[in-house]
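**Q** If you read the sequence shown in the numbering used here, its first letter stands for residue 1, the second for the next number, and so on.
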Amino acid sequence: MSINQTIYVQSSVGRNGRNKAADVYAVQSQLNAQMSAPRDALVEDGICGTLTRAAIYDFQKCVLKFNNPDSRVDPNGKTLAALNDATSEAIWKAMPQPSESIAKIYHKVKLIPQPTGTSCWAAATAMLLGQTVAQVKARTPASMILPDGSLDNFSGEADWITPTRDYAKAHGLQYIGPQSWSVTKLRNHLRRGPLIFDMLEYAGPYSKGVSSSGHWILVTGLSGERDNKADISYNDPFPVGRGAKTTENYAKFVQDYPARTYRVFYK
Numbered sequence: 001m002s003i004n005q006t007i008y009v010q011s012s013v014g015r016n017g018r019n020k021a022a023d024v025y026a027v028q029s030q031l032n033a034q035m036s037a038p039r040d041a042l043v044e045d046g047i048c049g050t051l052t053r054a055a056i057y058d059f060q061k062c063v064l065k066f067n068n069p070d071s072r073v074d075p076n077g078k079t080l081a082a083l084n085d086a087t088s089e090a091i092w093k094a095m096p097q098p099s100e101s102i103a104k105i106y107h108k109v110k111l112i113p114q115p116t117g118t119s120c121w122a123a124a125t126a127m128l129l130g131q132t133v134a135q136v137k138a139r140t141p142a143s144m145i146l147p148d149g150s151l152d153n154f155s156g157e158a159d160w161i162t163p164t165r166d167y168a169k170a171h172g173l174q175y176i177g178p179q180s181w182s183v184t185k186l187r188n189h190l191r192r193g194p195l196i197f198d199m200l201e202y203a204g205p206y207s208k209g210v211s212s213s214g215h216w217i218l219v220t221g222l223s224g225e226r227d228n229k230a231d232i233s234y235n236d237p238f239p240v241g242r243g244a245k246t247t248e249n250y251a252k253f254v255q256d257y258p259a260r261t262y263r264v265f266y267k
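(1) Mapping the DSSP letters down to three states, classify residue 268 as helix, strand or coil.
(2) Consult DSSP for residue 146 and reduce its assignment to one of helix, strand or coil.
(3) Who are the Cβ neighbours of residue 188 in its own chain at under 7 Å, not counting the five residues just before and after it?
(4) Roughly how many whole angstroms lie between the Cα atoms of residue 26 and residue 138?
(5) Contact defined as beta carbons within less than 8 Å: I believe residue 167 pairs with residue 199. What is the distance between those atoms, to the nearest angstrom?
(6) Return no unless some Cβ of chain C is closer than 7 Å to the Cβ of residue 112.
(7) Give every residue of the same chain whose Cβ lies closer than 7 Å to the Cβ of residue 20, excluding the five residues on either side of it in the sequence, and list them in chain order.
(8) Rounded to whole angstroms, what's the CA-CA distance from residue 92 to residue 61? Just pull it up for me.
(9) Look at the Cβ atom of residue 118, then the Cβ atom of residue 126, and state whether they are nearer than 7 Å.
(10) Go through its chain and collect everything with a Cβ distance to residue 120's Cβ below 7 Å, but skip five positions before and after it.
(11) Does the Cβ-Cβ distance between residue 235 and residue 109 come in under 7 Å?
(12) According to DSSP, is residue 171 part of a helix, a strand, or is it coil?
(13) Does the separation of the CB atoms of residue 3 and residue 33 fall below 7 Å?
(14) Looking at C-alpha atoms only, which residue of 260, 24, 8, 196 is the closest neighbour of residue 81?
(15) So, are the CB atoms of residue 124 and residue 196 less than 7 Å apart?
(16) Going by the DSSP bridge assignment, what does residue 216 pair with across the sheet?
(17) Does residue 180 pass the burial test, meaning 16 or more other C-beta atoms within 10 Å, or should it be called exposed?
(18) Alpha carbon to alpha carbon, how far is residue 232 from residue 186? Give it in angstroms, no decimals.
(19) Suppose you measure from the CA of residue 265 to the CA of residue 31; what does that come to, to the nearest Å?
(20) Please go through the same chain and pick out, in chain order, the residues whose beta-carbon is closer than 8 Å to the beta-carbon of residue 36, but skip the five residues on each side of it.
(21) Put residue 65 into one of helix, strand or coil per three-state DSSP.
(22) Tell me the DSSP bridge mates of residue 180?
(23) Please classify residue 130 as buried or exposed, where buried requires at least 16 other C-beta atoms within 10 Å of its C-beta.
(24) Go through its chain and collect everything with a Cβ distance to residue 174's Cβ below 8 Å, but skip five positions before and after it.
(25) Kindly list the residues whose CB is nearer than 7 Å to the CB of residue 241, restricted to its own chain and excluding five residues on each side of it in sequence; keep chain order.
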């Protein structure tokens, strides 16, 4: 998509900017107009989050050749001028995205161990929301909690969407359904914040419509630029009463449990 109008901003957009909604929306729209695959388009919502700042950084690094991009668009500045320049699109498209090794993603989140063998779901949700396990359980619809204290993951049901949506709604979360996650996709979502991975232990039976037990973790970080070289960091509520902070190779992580991303929840 090519730019079709010149944009103006009243104040700075991006890192340490005033980030007025109208200015942010204009910058997001122009970034999307200059952007092309494999880069992911921004949501044009007028909110300057980590993805918008990362896109500005990428644009400055690739198009303007800044050695130290500041991830900010200033009124009458070079970045704004380049965003309004139709020739920037081809330059940006020809450049690979900056290596994520330049900007390792890590969210510092307090580790909350699961108090019982079946409460990983509550502990992972508590970590994401900054709550206690008891608070999470209290806000969870009782119909979803099985007699042993585990959360029904509905992996063997035709309709897993309705209960997943209901769980997300109960805790003010968003969710993403079963799909493969490349390093690029994971990095883009982690820029917004940590992610809960609801993982199935048995992908084979699940693929045939049979339910599978699972485990929940909170993904907190990522480093590296390729699937076979990237490392994923996560807070694991297990072992009971102790938990663990783990970093491991992402390719191995996915191979060990092919259904690692059965459901993903985020704020």
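Positions of the beta carbon are idealized from the N, C-alpha and C atoms, including for glycine.
Bear in mind the structure is a predicted one, so any value in this text is a computation, not a measurement.
**A** The short version:
(1) For residue 268 there is no data in the structure shown, the boundaries of the chain being 1 and 267.
(2) Assigned with DSSP and collapsed to three states, residue 146 falls in coil, not helix or strand.
(3) 40, 51
(4) 42 Å
(5) In fact, because the Cβ distance is near 16 Å, the residues do not count as touching under 8 Å.
(6) Given the protein chain composition of this structure (a single chain), no chain C is represented.
(7) 10, 11
(8) Using only the alpha carbons, I get a separation of about 9 Å.
(9) no
(10) 114, 215, 216, 237, 238
(11) yes
(12) coil
(13) yes
(14) 8
(15) yes
(16) Answer by DSSP bridge pairing, in chain order: 198.
(17) exposed
(18) 9 Å
(19) 27 Å
(20) So the qualifying residues of the chain are 1, 89, 92, 93.
(21) Residue 65: coil per DSSP, three-state reduction.
(22) Bridge partners of residue 180: none, in fact.
(23) In this structure residue 130 is exposed. Its beta-carbon is surrounded by fewer than 16 other beta-carbon atoms within 10 angstroms.
(24) 168, 265, 266, 267
(25) 113, 115
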